[in-house]
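Student:
Residue numbers (our numbering): 14 to 326.
#1: State the Cα-Cα distance for the pair residue 81 and residue 74, rounded to the nearest angstrom.
#2: Just the Cα atoms here: how many angstroms apart are residue 111 and residue 249?
#3: Let's see if you can read the secondary structure: which residues bound the beta strand (DSSP E) around residue 198?
#4: Note the first and the last residue of the continuous alpha helix (DSSP H) segment covering residue 209.
#5: Applying the 10 Å Cβ sphere with the 16-neighbour rule, what's the burial state of residue 275?
#6: From the DSSP output, in three-state form, read off residue 120 for me.
#7: Please classify residue 251: is it buried, with 16 or more other beta-carbons within 10 angstroms of its beta-carbon, or exposed?
#8: Between which residues of its own chain and residue 56 is the CB-CB distance below 6 Å, once the five residues before and five after are set aside?
#9: Measuring CB to CB, does residue 64 end up less than 8 Å from residue 172?
#10: I believe residue 168 touches residue 239 by the beta-carbon criterion, under 8 Å. Please report the beta-carbon distance rounded to the nearest angstrom.
#11: Just curious, the alpha helix (DSSP H) that residue 191 is in, first and last residue?
#12: Tell whether a beta-carbon distance below 8 Å holds between residue 216 and residue 232.
#13: Taking 8 Å as the limit between beta carbons, can you name the residues of its chain near residue 124, skipping five residues before and five after?
#14: Nearest CA to the CA of residue 130: which residue from 93, 30, 295 and 286?
#15: Starting from residue 234, follow its DSSP beta bridges and name the residues at the other end.
#16: Is it buried or exposed for residue 280, if we count other Cβ within 10 angstroms and need 16 for buried?
#17: Could you check how far apart the C-beta atoms of residue 265 and residue 278 are, in whole angstroms? I think they sit under 8 Å.
#18: Under the rule that 16 or more other beta-carbon atoms within 10 Å means buried, what is residue 164, buried or exposed?
#19: Taking just the CA atoms, how far does residue 126 sit from residue 166?
#20: Following the continuous alpha helix (DSSP H) through residue 51, name the residue where it begins and the one where it ends.
#21: Have a look at the DSSP bridge pairing and note the partners of residue 246.
#22: To the nearest angstrom, how far is the alpha carbon of residue 311 from that of residue 32?
#23: Return helix, strand or coil for residue 128, following the three-state DSSP convention.
#24: How would you call residue 218, buried or exposed, if buried means at least 16 neighbouring beta carbons within 10 angstroms?
#25: Considering Cα atoms alone, identify which of 285, 262, 30 and 268 is closest to residue 152.
#26: Figure out for me which residue from 170, 179, 235 and 186 has the closest Cα to the Cα of residue 214.
#27: For residue 267, name the three-state secondary structure that DSSP assigns.
#28: How long is the line joining the alpha carbons of residue 66 and residue 40, rounded to whole angstroms?
#29: Buried or exposed: which applies to residue 270, given that a residue is buried once 16 or more other Cβ atoms fall within 10 Å of its Cβ?
#30: With a threshold of 8 Å between beta-carbons, can residue 75 be considered close to chain D, or not?
#31: Looking at the structure shown, is residue 251 part of a helix, part of a strand, or coil, going by DSSP?
#32: Whose C-alpha, out of 142, 83, 188 and 180, is nearest the C-alpha of residue 268?
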């Protein structure tokens with residue numbers, strides 16, 4: 014018929030062998046391992062890079078993934094990567110090889126052939142905001158407007174409670190026990206539940222946002238959009254973007270939010286918390302992971318340092 018637009022049917026090409034394997038791997042990480050979206054995305058990215066480097070646009074031949082190939086690839090990548098990046102690569106490849114065994118594609122356990130990257134304990138100082146920088150950071154949030162109240166409350170969750178961005182985005186109204194002063198985190202990873210003490214400063218910022226900033230919404234999400242899609246739960250990118258813009262306004266040299274988690278640990282350490290207490294708040298499974306934060310408290314280390322002897326006895 015005249016005047017009616019024609020619908021042009023276009024054939025969608027099937028996924029390549031690599032993409033098909035990545036799709037199945039992601040489903041395994043989600044359904045079998047119970048991993049969160051961010052973790053799955055990182056592992057899929059590393060494995061896709063490995064498969065692309067190895068097979069290009071050709072067929073994916075699992076038999077060509079051998080111990081010498083894995084060792085050469087990891088050694089080459091690790092020589093050009095930071096310790097944490099190399100560790101993520103090794104973890105992703107081992108996870109992919111477990112997946113291949115799980116679905117019957119692979120018989121041998123090749124994961125044991127992958128060398129672990131060398132990592133010297135406590136070699137890096139985690140970045141953290143000092144008191145002056147933190148004061149500048151708090152000051153840039155315009156708490157006279159609703160969206161400023163929201164962003165300030167999100168920042169408090171990150172810098173007071175050491176929450177991660179995805180944890181802030183996933184908070185709901187039921188997560189807070191106001192009477193008990195406790196915030197509950199439910200995780201996909203490991204399906205565990207953590208209960209954290211709610212600091213006074215964080216609680217006050219949340220109350221201000223809920224009473225005077227949060228738009229009316231049927232959503233049970235704690236933090237919601239103030240523009241389209243109005244009233245819907247914020248995404249991880251919303252949290253990250255708000256913090257990145259705050260760093261820029263405060264003229265601070267960071268763009269990532271992990272510095273706020275480090276800052277929370279530094280403040281807890283300086284207030285007298287033990288490493289075990291800090292590990293509980295950070296939800297580290299090993300105190301060794303938390304030990305790196307002890308290097309941040311430089312004034313405390315200065316007090317511990319022994320004076321240089323003027324004369325040798």
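Beta carbons: idealized from backbone N, C-alpha and C, even for Gly.
Tutor: Looking at the coordinates:
#1: When only Cα atoms are considered, residue 81 and residue 74 end up about 15 Å apart.
#2: 29 Å
#3: Its beta strand (DSSP E) spans residues 195–199.
#4: Annotation: residue 209 is outside any alpha helix (DSSP H); the continuous beta strand (DSSP E) that includes it extends over 206–210.
#5: buried
#6: coil
#7: Burial of residue 251 is indicated by the presence of at least 16 other C-beta atoms within 10 angstroms of its C-beta.
#8: 105 and 108
#9: No Cβ-Cβ contact shorter than 8 Å links residue 64 with residue 172.
#10: Wrong, their Cβ atoms sit about 16 Å apart, outside the cutoff.
#11: Boundaries for residue 191: no alpha helix (DSSP H) harbours it, and the DSSP string shows neither H nor E there.
#12: no
#13: 106, 107, 110 and 111
#14: Residue 93 holds the alpha-carbon nearest to the alpha-carbon of residue 130 among 93, 30, 295 and 286.
#15: BP columns for residue 234 point to 185.
#16: Of the residues assessed, residue 280 falls on the buried side of the cut-off, its CB having 16 or more other CB atoms within 10 angstroms.
#17: Rounded to whole angstroms, the Cβ separation of residue 265 and residue 278 is 18 Å, and the two are not in contact under 8 Å.
#18: Under this definition residue 164 is a buried residue.
#19: 47 Å
#20: 50–68
#21: In the DSSP output, where bridge partners are listed per residue, residue 246 has 237.
#22: With a pLDDT of 46 at residue 311, under the threshold of 50, the predicted position of this residue should be treated as unreliable, though the coordinate-derived value follows. Rounded to the nearest angstrom, the two C-alpha atoms are 48 Å apart.
#23: Coil, per DSSP.
#24: buried
#25: 262
#26: 170
#27: Coil, per DSSP.
#28: CA-to-CA, the gap between residue 66 and residue 40 works out to about 23 Å.
#29: By the Cβ neighbour-count rule, residue 270 is buried, with 16 or more other Cβ atoms within 10 Å of its own.
#30: The displayed structure is made up of one protein chain only, and chain D is not part of it.
#31: helix
#32: 142
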